[in-house]
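Taking this note's numbering, the leading residue of the sequence shown gets 28, the next gets one more, and so forth. Using N, Cα and C, we set each Cβ at its ideal position, and we do this for glycine too. Small disclaimer: the values here were computed from a predicted structure and weren't measured. Some notes on the structure that comes next.
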Amino acid sequence: MPLVLIILLPLTGACLPALLQGRSSRLLASVSALFCLLLLLSWLPHVMQGGEAVVQRLSWLPSLGLDASFRLDGLGLLFALLITGVGCLILLYARYYFEGSKTTARFFTLTLLFMAAMLGIVLSENLLFMLVFWELTSLTSFLLIGYHTDDHAARLGARMSLVITGGGGLALLAGIMLLGQTAGSYELSVILEAGNRIRASEHYWLMLNLILLGAFTKSAQFPFHLWLPHAMTAPTPVSAYLHSATMVKAGLFLLARLHPALADTTLWFYLVTLTGMLTLMVGAFVAMFMHDMKGLLAYSTVSHLGLIMLLLGLGTPMALAAALFHLVCHALFKAPLFMMAGYVDHATGSRDMRHINGMWRFMPALMVLSGVASAAMAGLPLMSGYLSKKMLFNESLLVVTPEWAAVVIPAWVALAGLFSVAYSIRIFHNVFFNGRPIDLPIWPPAPPRLAALSPIMLPVLATLLVGLAPEPIYMALVHPAFAATQQVAVAPYDFTALGGRLPMLMSLFALAGGALFYHWRTPLFRLHARLPMVDAKEIFDWFMRRATALAQRRVFQLENGSLQRYLTFIMATLVVLVGLQLRDVPRWDGGVALAPLDPLTLLAAILLCLTSLGVVVYHHHRLPALLLLGVTGLFVTVTFARFSAPDLALTQLMVEVMAVVIMMLALSFLPQTSPRGSTRLRMGRDLAIAGLMGLGVAAFSFAILTRPQQTISDFFLANSVPGGGGSNVVNVILVDFRGFDTLGEITVLGIAAVAVFAFTRDLHLKERVVDTNPAHWVAEPYPIMLGAVARLVLPVALLVSAYIFLRGHNQPGGGFIAGLITAVALTLQYMAGGLIWAQARMPTAFRPMIGAGVLIASFTGLGSWLFGFPFLTSAHGHLHLPLIGEFELATAMLFDLGVYATVVGATLLILANLGKLMTVAGPGEEIG
Numbered sequence: 028m029p030l031v032l033i034i035l036l037p038l039t040g041a042c043l044p045a046l047l048q049g050r051s052s053r054l055l056a057s058v059s060a061l062f063c064l065l066l067l068l069s070w071l072p073h074v075m076q077g078g079e080a081v082v083q084r085l086s087w088l089p090s091l092g093l094d095a096s097f098r099l100d101g102l103g104l105l106f107a108l109l110i111t112g113v114g115c116l117i118l119l120y121a122r123y124y125f126e127g128s129k130t131t132a133r134f135f136t137l138t139l140l141f142m143a144a145m146l147g148i149v150l151s152e153n154l155l156f157m158l159v160f161w162e163l164t165s166l167t168s169f170l171l172i173g174y175h176t177d178d179h180a181a182r183l184g185a186r187m188s189l190v191i192t193g194g195g196g197l198a199l200l201a202g203i204m205l206l207g208q209t210a211g212s213y214e215l216s217v218i219l220e221a222g223n224r225i226r227a228s229e230h231y232w233l234m235l236n237l238i239l240l241g242a243f244t245k246s247a248q249f250p251f252h253l254w255l256p257h258a259m260t261a262p263t264p265v266s267a268y269l270h271s272a273t274m275v276k277a278g279l280f281l282l283a284r285l286h287p288a289l290a291d292t293t294l295w296f297y298l299v300t301l302t303g304m305l306t307l308m309v310g311a312f313v314a315m316f317m318h319d320m321k322g323l324l325a326y327s328t329v330s331h332l333g334l335i336m337l338l339l340g341l342g343t344p345m346a347l348a349a350a351l352f353h354l355v356c357h358a359l360f361k362a363p364l365f366m367m368a369g370y371v372d373h374a375t376g377s378r379d380m381r382h383i384n385g386m387w388r389f390m391p392a393l394m395v396l397s398g399v400a401s402a403a404m405a406g407l408p409l410m411s412g413y414l415s416k417k418m419l420f421n422e423s424l425l426v427v428t429p430e431w432a433a434v435v436i437p438a439w440v441a442l443a444g445l446f447s448v449a450y451s452i453r454i455f456h457n458v459f460f461n462g463r464p465i466d467l468p469i470w471p472p473a474p475p476r477l478a479a480l481s482p483i484m485l486p487v488l489a490t491l492l493v494g495l496a497p498e499p500i501y502m503a504l505v506h507p508a509f510a511a512t513q514q515v516a517v518a519p520y521d522f523t524a525l526g527g528r529l530p531m532l533m534s535l536f537a538l539a540g541g542a543l544f545y546h547w548r549t550p551l552f553r554l555h556a557r558l559p560m561v562d563a564k565e566i567f568d569w570f571m572r573r574a575t576a577l578a579q580r581r582v583f584q585l586e587n588g589s590l591q592r593y594l595t596f597i598m599a600t601l602v603v604l605v606g607l608q609l610r611d612v613p614r615w616d617g618g619v620a621l622a623p624l625d626p627l628t629l630l631a632a633i634l635l636c637l638t639s640l641g642v643v644v645y646h647h648h649r650l651p652a653l654l655l656l657g658v659t660g661l662f663v664t665v666t667f668a669r670f671s672a673p674d675l676a677l678t679q680l681m682v683e684v685m686a687v688v689i690m691m692l693a694l695s696f697l698p699q700t701s702p703r704g705s706t707r708l709r710m711g712r713d714l715a716i717a718g719l720m721g722l723g724v725a726a727f728s729f730a731i732l733t734r735p736q737q738t739i740s741d742f743f744l745a746n747s748v749p750g751g752g753g754s755n756v757v758n759v760i761l762v763d764f765r766g767f768d769t770l771g772e773i774t775v776l777g778i779a780a781v782a783v784f785a786f787t788r789d790l791h792l793k794e795r796v797v798d799t800n801p802a803h804w805v806a807e808p809y810p811i812m813l814g815a816v817a818r819l820v821l822p823v824a825l826l827v828s829a830y831i832f833l834r835g836h837n838q839p840g841g842g843f844i845a846g847l848i849t850a851v852a853l854t855l856q857y858m859a860g861g862l863i864w865a866q867a868r869m870p871t872a873f874r875p876m877i878g879a880g881v882l883i884a885s886f887t888g889l890g891s892w893l894f895g896f897p898f899l900t901s902a903h904g905h906l907h908l909p910l911i912g913e914f915e916l917a918t919a920m921l922f923d924l925g926v927y928a929t930v931v932g933a934t935l936l937i938l939a940n941l942g943k944l945m946t947v948a949g950p951g952e953e954i955g
């Protein structure tokens, strides 16, 4: 079974609520997640039997080491089951939570998209491929946290999470690049075997810090934990899913996955263990004093994430097994508590535990379920949390080096356990007992239906099952994951070792101390209230304001709208840097003889220089400068033709025509002359920089061209026909060898055209500058002769365009040139008949044409995947048709068709919308 199907199922489900209406679409979306869970369960027997990791690859960009490769082993399966299992429960819970709401389609779409991204992280074999899903989780969580777009706090919380996790993602990108370069591959199969080489690398400390920064920000480790409590502005289903079993566990998964390659060093121990200890204590302490239900659960989540991080760093033989076991236990008891908080919030209109009291009278069934989950979080006997906490205590006692750790770590985790008991008692006792409700916005509270409790009941029963029968659950789920992190066969965890004297005393201390702490909560709360208040949101706002202001000042110093300044910076930098590198060149003449200079080439070069100087001399007079600039472009076209580059010559010619037409449109809104603002000193400076730049480029070109060299041209010439099926090397490069670049270029071109459309849609410019000089002759706007010629030229130009397109693979031409020829011919119709006349006869929508072109090019590339070849691999062959005979056909023609459609659509969309501004009616009706 293809592993990619596990990711595609929730992606497909994410599309259904957006495409279909009604309850059935949400049901089908949930079913897609359920099918995904069932597919994963079908792999469980293979993993339980100790089967090898399943690795499947789809070739994409092998030259860059980037393949769509997937890996399923015990660790990936454990996390994938948590992601899909809890995800199915959350989708069921959302059905009741959002009952009566009209915005649930967006929630289901974003949640399933997030689920697919998380599955991509845990099932990726290629780390670069994993980074794509890593960033996708940041983006989708941003949208989910800011689900209530009209709530300022929600928008701020979403922004905080995106800034922190996105910044960590950039650090992770750098760390992964270093890791892949050191290991020689970005495939996990290679990296996990190269642990000794990676740890011995001189860059180990840098790559470890960068990767840990990405993991710490994602898993809300101190001091990056601030985003998690402020993400509680999200709807409760989002909090229950993202912050109990999925997003916050991504960093933990990454460190567990890379454990064989990065762990077991002193640096790893100090960075991971100390960060986990601080996070564990800070989260546990702050959680006790939170009055908001979701705030308490958020900080308790921070504390438990620190607990798992601490175990990942300890380095004891079974610490990683304890970390994975507690990770499962945490998901099972934390998700029900978040769902309980959502139901109570809906029923009472409040999340403040100082007002929500005595809910047992209204929600007895919810009280029982929440009591079991709270007991598991506190670590009471017979609960799953009791076992995982004793595993923590036991592993902390096994640390012997450094000396301080043998004493500090056990005491530290016991104290943190005390706080966890206290806040667990508090959320249960304050919500369901502790007197009667006080000033609730909704009275009487409306308890949820019994059916609505089913998403809570299932994980509560699971946490009881884990507590009563831990070994079968451990052997089925956790042990294969632990073995996958060790890359060797490992012994199962010995649960009988948890009955030792010291772990038992530490558990009793935590239970008794937590109960006493909660009993004495009133004076402790008063003492806590006297402490200085630290608002993380205000700190974040202050930091963002200062960073934005600093960035604005620095940007304005460099980018103030002056093109002259930009060119000065660029050219001066190039002159200095290149000059320093070339100052020690012993000889500029490389010894290769230059080609003889014929009189015609010399004349063209002189005319090119004169027209360029003319642009400089007349640059204050816009129309002459534009005409001279066009002439300069024509001489460049002649230069390309002279040196055997007909494709470039044709392209340059068409571009020059379109550029002059578009700039003429802009000139109609500008004065005929530009102001003279440069001083003589600045002109002298600019002349010196331009002169040095010109002489430097000339000298550098001379040095290169007079030296013997072997370029990549020989490869293209040798492989153009056998590899690309065409003798026009330029076109084969564009549509085959460098097709991915071309795809990116036409995508950018389409985006630019749509941006012009968007900017000019409602743009109102001032009236065009009117020439009041009676000496100037004003021609008719649409001359009859031009109209007659344009109508005769159009079919001929379109025929030439088709000819250039069809022959482009073997002769000068191709989709780009053909598209420009078509665009020029149609532009002539606009110039001859006017915008209204031409648009009435040209009903083609340009934006769909751009989209169709990009899609045709993209699907041509994707089609090669179906036959097991890399993206954009072309196929070619010869066909024989009656009457026509034998001719060659290549899939690159489809790609070229996409280029053609994009060029025509983008060019005309830009031209028509700029020309629309010149009509008498102003902006008027949309064009394109």
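- Proximity to Leu364 across Thr328, Leu354, Ala539 peaks at Thr328, based on C-alpha coordinates.
- Each residue's CA atom was taken as its position, placing Met920 and Leu109 some 46 Å apart.
- For Lys416, the number of other beta carbons within 10 angstroms of its own is at least 16, and it is reported as buried.
- Cβ contact annotation for Gly340 (same chain, cutoff 7 Å, sequence separation greater than five): Trp295, Phe296, Val299, Thr300, Gly303, in chain order.
- If you compare the alpha carbons of His646, Leu359, Thr887 with that of Tyr268, the shortest gap goes to Leu359.
- Residue range 903-908 is occupied by the beta strand (DSSP E) that includes His907, with no alpha helix (DSSP H) assigned at that position.
- For Lys943, the enclosing alpha helix (DSSP H) covers residues 919-943.
- A contact between stretches requires three or more CB pairs, one per stretch, nearer than 8 Å, and the region 917-934 meets this requirement with the region 759-769.
- Exclusion of the five residues before and after Leu237 leaves Ala198, Ala201, Gly202 as the residues of its chain whose Cβ lies within less than 6 Å of its Cβ.
- In the three-state reduction of the DSSP assignment, Phe420 falls in the helix class, which pools H, G and I.
- Contact annotation: the region 932-944 touches the region 775-791, with at least three C-beta pairs closer than 8 Å.
- Judged by DSSP in its simplified three-state form, Phe832 adopts helix.
- Under the three-state reduction of DSSP, Asp94 is assigned to strand.
- Only exposed fits Glu126, as fewer than 16 other CB atoms lie within 10 angstroms of its CB.
- In summary, Met812 is exposed, with fewer than 16 beta-carbon neighbours lying within 10 Å of its beta-carbon over all protein chains present.
- The residue among Pro262, Leu118, Tyr213 with its C-alpha nearest the C-alpha of Ile172 is Pro262.
- DSSP assignment within the region 482-559 yields no whole beta strand (DSSP E) run of 3 residues or more.
- If the five residues before and after Ala368 are omitted, its C-beta is found closer than 7 Å to the C-beta atoms of Thr263, Met320, Lys321, Leu324, Arg378, all from its own chain and listed in chain order.
- In the three-state DSSP reduction, Leu590 falls in the helix class (H, G or I).
- Per DSSP, reduced to three states, the secondary structure at Thr700 is strand.
- Between the region 240-257 and the region 270-280, the count of Cβ pairs shorter than 8 Å is three or higher; the stretches touch.
- Taking Ala432 as the centre and dropping the five residues before and after it, the same chain places the C-beta of Val426 closer than 7 Å to its C-beta, in chain order.
- Taking all protein chains in view, the Cβ of Arg284 is crowded by 16 or more other Cβ atoms within 10 Å, so the residue is classified as buried.
- The closest CA to that of Leu205, considering only His175, Leu154, Ser188, Leu166, is found on Leu154.
- Note on geometry: alpha-carbon atoms of Val159 and Gly147 lie some 9 Å from one another.
- Beta bridge pairing from DSSP links Asp379 with Asp319.
- Beta-bridge partners assigned by DSSP to Asn153: Glu214.
- Using a Cβ distance threshold of 8 Å, Thr136 and Pro44 count as a contacting pair.
- Unbroken alpha helix (DSSP H) stretches of 4 residues or longer found wholly inside the region 830-877: 842-860, 862-868, given in chain order.
- Ranked by Cα distance from Thr600, the first of Leu240, His270, Ile716 is Ile716.
- Beta-bridge analysis with DSSP links Val81 to Leu99.
- DSSP places Gln679 in the uninterrupted alpha helix (DSSP H) bounded by 673-694.
- The Cβ atoms of Phe243 and Gly196 do not sit closer than 8 Å to each other.
- Distances from the CA of Tyr120 to each of Leu407, Ser891, Arg476 were compared; the closest alpha carbon is that of Arg476.
- Contact annotation: Phe134 and Thr164 have beta-carbon atoms that are not nearer than 8 Å.
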